[in-house]
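A.B. asks: In the working numbering, each residue's number is its place in the sequence shown (first place is 1) plus 21. We treat Cβ as the ideally placed atom computed from N, Cα and C, and that holds for glycine. Owing to the predicted nature of the structure, the values given are computational and were not obtained by experimental measurement. Okay, handing you the structure first.
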Amino acid sequence: MTQQLVFVKFPKYLIRNTRYNILNTIVMTATGHAIIGTVIAAKIGNPALAIPIAIASHVAADLFPHWDTGTNKKLKSKSDFFIQSVADLTLSYVAMLLLIIFIFPETNLIYAFIIVIASQGFDWASAPYSFWGIKNPPIFYWFYRLQKKFDNKLDKPWGIIGQVAALIALVIIAINL
22 MTQQLVFVKF
32 PKYLIRNTRY
42 NILNTIVMTA
52 TGHAIIGTVI
62 AAKIGNPALA
72 IPIAIASHVA
82 ADLFPHWDTG
92 TNKKLKSKSD
102 FFIQSVADLT
112 LSYVAMLLLI
122 IFIFPETNLI
132 YAFIIVIASQ
142 GFDWASAPYS
152 FWGIKNPPIF
162 YWFYRLQKKF
172 DNKLDKPWGI
182 IGQVAALIAL
192 VIIAINL
């Protein structure tokens, strides 16, 4: 009663039960932005350049058709959306750490963390409205509305496949620079 995925057998509840479906949360939103932010931190040592580039990278990444935990949000319960987003956020920092340890060991971890936060900035700024409907101060709702203008969602599987391919290509290019 398990499914095979990349030589690893996962219990059925991880595949089918959306409440615990961590496997469907591991691509964009925080994780994709964290990978991009880590590459920026590894390749641009000047924070005066890296931070604005990381912020702009969020917009560029969201313009690319992608799947994220907010895709089909209206079909999910609030708790499912929250659990999936927290899992994605956790994975984003694990991905950053693994990239720093194994691929970009010369990059300062604290510096990378700051750049990753900048690359996730739009999501952090809109989170209070997205999760709890907090409109006051109005900046939360403003960021949410702004982000909706450039967020280009694409459902599974193509929203995940395209994103993974783009992120792998980015890391490979960064390694070879």
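Under a Cβ-count criterion, where at least 16 other Cβ atoms within 10 Å of its own Cβ denotes burial, should S98 be classed as buried or exposed?
C.D. replies: Counting Cβ neighbours within 10 Å, S98 comes out exposed, since fewer than 16 surround it.
A.B. asks: Closest to A71 by CA distance: which of Y132, L96, V115 and K95 is it?
C.D. replies: Of Y132, L96, V115 and K95, the residue nearest in Cα terms is Y132.
A.B. asks: Output needed for F103: all residues of its chain with C-beta closer than 7 Å, excluding positions within five of it in sequence on either side, in chain order.
C.D. replies: Excluding residues within five positions, the ones whose Cβ falls inside 7 Å are F152.
A.B. asks: For T46, collect the residues of the same chain with a Cβ closer than 6 Å to its Cβ; drop the 5 residues on either side in sequence, then sort them by chain order.
C.D. replies: Low confidence applies here, because T46 scores a pLDDT of 39, under 50, leaving its location unreliable; read the following figure in that light. Excluding positions up to five away in sequence, the list reads T90, Q105, A108 and D109.
A.B. asks: Please state whether the Cβ-Cβ distance between H79 and F123 is less than 8 Å.
C.D. replies: Cβ distance not < 8 Å, so H79 and F123 don't count as in contact.
A.B. asks: Out of H87, I138, Y114 and S100, point me to the one whose CA is closest to P73's CA.
C.D. replies: Ranking H87, I138, Y114 and S100 by Cα distance to P73 puts I138 first.
A.B. asks: Check this for me: beta carbons of D176 and T92, under 8 Å apart or not?
C.D. replies: Yes, the pair counts as a contact, with Cβ atoms nearer than the cut-off.
A.B. asks: In angstroms with no decimal places, state the Cα-to-Cα distance between L84 and S113.
C.D. replies: Cα-Cα distance, rounded: 19 Å.
A.B. asks: For K177, name the three-state secondary structure that DSSP assigns.
C.D. replies: It is coil, neither helix nor strand.
A.B. asks: Please report the straight-line C-alpha distance between W179 and P126, rounded to a whole angstrom.
C.D. replies: For W179 and P126, the distance between alpha carbons rounds to 32 Å.
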